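Which chain is which? The protein sequence lines are W and F, in order.
Numbers given in the numbering used here equal positions in the first sequence, counted from 1, plus 22.
Numbers given in the numbering used here equal positions in the second sequence, counted from 1, plus 29.
Note that the Cβ used here is the ideal one computed from N, Cα and C, for glycine as well.
Note that the coordinates shown come from a computational prediction; the quantities given were computed from them, not determined experimentally.
Contents: one structure, followed by commentary.
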Amino acid sequence: MSIDFAPRPAPASPATRLRAQGALETSLMMRNGEQLLLALVIPIGLLVVGFTVGHRFGIGTAGLVGSVLALAIWSTAFTSTAIATGFDRRQGVLERMAATPLGRTGLLGGKAVAVVVISLLQWLVLLGVSLALGWRPRFEVVQTLGVLVAAVLAIVCFVSLALAMAGTLRAEATLGLANLVYLAGLALGIMVPPSELGSPFGDVVRWLPTSALADMTRAWTSGSQDLSGLLPLLLWALGSALLARKVFRWTS
Amino acid sequence: MPDTVLLDLDDVHVTFGTLNALDGLSLQAHAGQVTAVLGPNGAGKTTMVRCCTGLLTPDAGSIRIVGDAPGSARALAEVGVMPQSAGAWNAIRARELLVHLSRLYNDPHPVDELMELLGISHTARTAYRRLSGGQQQSLNMAAALIGRPRLVFLDEPTAGLDPHVRQRVWQVIRQLRDAGVGIVLSTHLMDEASALADHIYIMDAGHVRLDGTTAELTAKQSLEDVFLANTNVGGVR
């Protein structure tokens, strides 16, 4: 058998390439059982437990919904991205794909698309489960817009931090550290509000991106207004993007 | 067509800390020719390929891929790369990988024909991690060819392959050359270089020690003897 190998190189359009890569990354993330555990099973478990027995411990359900929405972004944009990228790098996926018309920008773009798509799906499922459990939303328009901006800034920040970690450490070290940081993030703002941590520790934690995002989503699902997280998130997003750009290595 | 320069490296330097990975490397590859790059482990061959795909930026010197800078969108479309450490996502299946790569091009080779040519049709639904080493090599070669490239980098394409598969890969390389594709072949196998190459560069310690046509280099002694006489163990000076 023979094929006409006469050269006819022609890259697909950037939009087509980004769509293809985003779809593949999304599909691969959704096939990974461990990542599904982080993305849906743990957040849904927290919601169910919080709604059924949380009142005995003084946990408000409206705030819990906001915490879990922040958790969804934290787990997908940081933990899942760090672990997946660490193994992509070790297995030579980055080296292979960076040498195609996708290039390095398209490769990162594909990851960003996957994180946004999965985060949106997580929010839809988690908001649906919360409604089914009896939560009734009272959204403020200004806070809704603020939360959307905060979510975008948080995704940029968490993905950048994930890339900085996965682009410098070995895959196994990334796996361990990403899970450790995931748990630390739960205690530092995502599930435990900084106001519960007392002063001055809570005042410091308030400036972490985990706290900044979760305080805003908690205010959103509670029907109140709090845009104080936008400035810390903006600063963290810029700083982390610069860090990732400086330290990320494509090969292991 | 053979005079068309597809790859032009001129006095390229790359350092990692105190190590000179590339130390004034200059070489060319032409359309319709197999250009073999031989060198001991650590000679700088993989670093060269990474520079040519834009993954590494040289400290000095210039690289042109079909007239464009490495890593540019145009240059990336012109080349197909089979890296030595090519890998894939664990969960992806063989055909799925090729279909995905084909979507990055406007006029790719038909996936099924390419898989048949390389003898991996039966692995279409097998996850990449479950393929044998030889099947992964063949799939990686298909991945490098899917976009109908003008220039192909093959980094040890037959390492670990049985003689049947090796002959099949050689046949594909000859078909590529006959079709006008330029091939940069990095290999440790002297018989492979002798059988396929039109021009051979022998690299050591990050630069070319000797180059010439296969006939020129093997006029007085075997290629292996030429190689041993011009290189050091581990590519060190």
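Only exposed fits Thr127 of chain W, as fewer than 16 other CB atoms lie within 10 angstroms of its CB.
The DSSP assignment places 74-81, 102-107, 123-131 as complete runs of the alpha helix (DSSP H) inside the segment 72-133 of chain F, in order along the chain (cut-off: 4 residues). In the DSSP assignment, Phe45 of chain F is bridged to F:Leu48. At a beta-carbon threshold of 8 angstroms, the residues of chain W lying near Gln204 of chain F are Ser24, Ile25, Phe27, ordered along the chain. When 7 angstroms is used as the limit between beta carbons, Pro178 of chain F is near these residues of chain W: Pro29, Pro31, in chain order. Secondary structure of Gln204 of chain F (DSSP, three-state): helix. The C-alpha of Leu124 of chain W is placed about 31 angstroms away from the C-alpha of Leu93 of chain W. Residue environment analysis places Arg39 of chain W among the buried positions, since at least 16 neighbouring C-beta atoms fall within 10 angstroms of its C-beta.
When DSSP states are grouped into helix, strand and coil, Val181 of chain F belongs to the strand group. For a Cβ distance threshold of 8 angstroms, residue set Gly116, Ala117, Trp118, Asn119 of chain F lies close to Gln113 of chain W, ordered along the chain. For the alpha helix (DSSP H) assignment, the uninterrupted runs of no fewer than 4 residues enclosed by the segment 138-224 of chain W are, from N- to C-terminal side, 163-188, 193-207. Distances from the CA of Ser49 of chain W to each of F:Gly109, F:Ser215, F:Trp118 were compared; the closest alpha carbon is that of F:Trp118. In the DSSP assignment, Ile105 of chain W falls outside any beta strand (DSSP E) and lies within the alpha helix (DSSP H) extending over 103-112.
Apart from the 5 residues on each side of it in sequence, Pro99 of chain F sits with its Cβ closer than 7 angstroms to the Cβ of Cys80, Cys81, Thr82, Gly83, Ile92 in its chain, given in chain order. For Pro112 of chain F, the chain W residues whose C-beta falls within less than 8 angstroms of its own C-beta are Gly114, Glu117, Arg118, Ala121, listed in chain order.
By a beta-carbon distance limit of 8 angstroms, Gly148 of chain F does not contact Leu190 of chain F. Their separation comes to about 11 angstroms. Look at Glu142 of chain F: its C-beta is under 7 angstroms from a C-beta on chain W.
For the C-beta of Asn54 of chain W, the chain F residues within less than 8 angstroms are, from N- to C-terminus, Ala120. Between Val237 of chain F and Leu54 of chain F a beta carbon distance of about 7 angstroms is seen, short of the 8 angstroms cut, so the two are scored as contacting. Taking the C-beta atoms as reference points, Thr86 of chain F is found no nearer than 7 angstroms to Val213 of chain F. Between Leu253 of chain W and chain F, the shortest Cβ-Cβ separation is not below 7 angstroms.
In the displayed model, Ser167 of chain F falls within a helix according to three-state DSSP.
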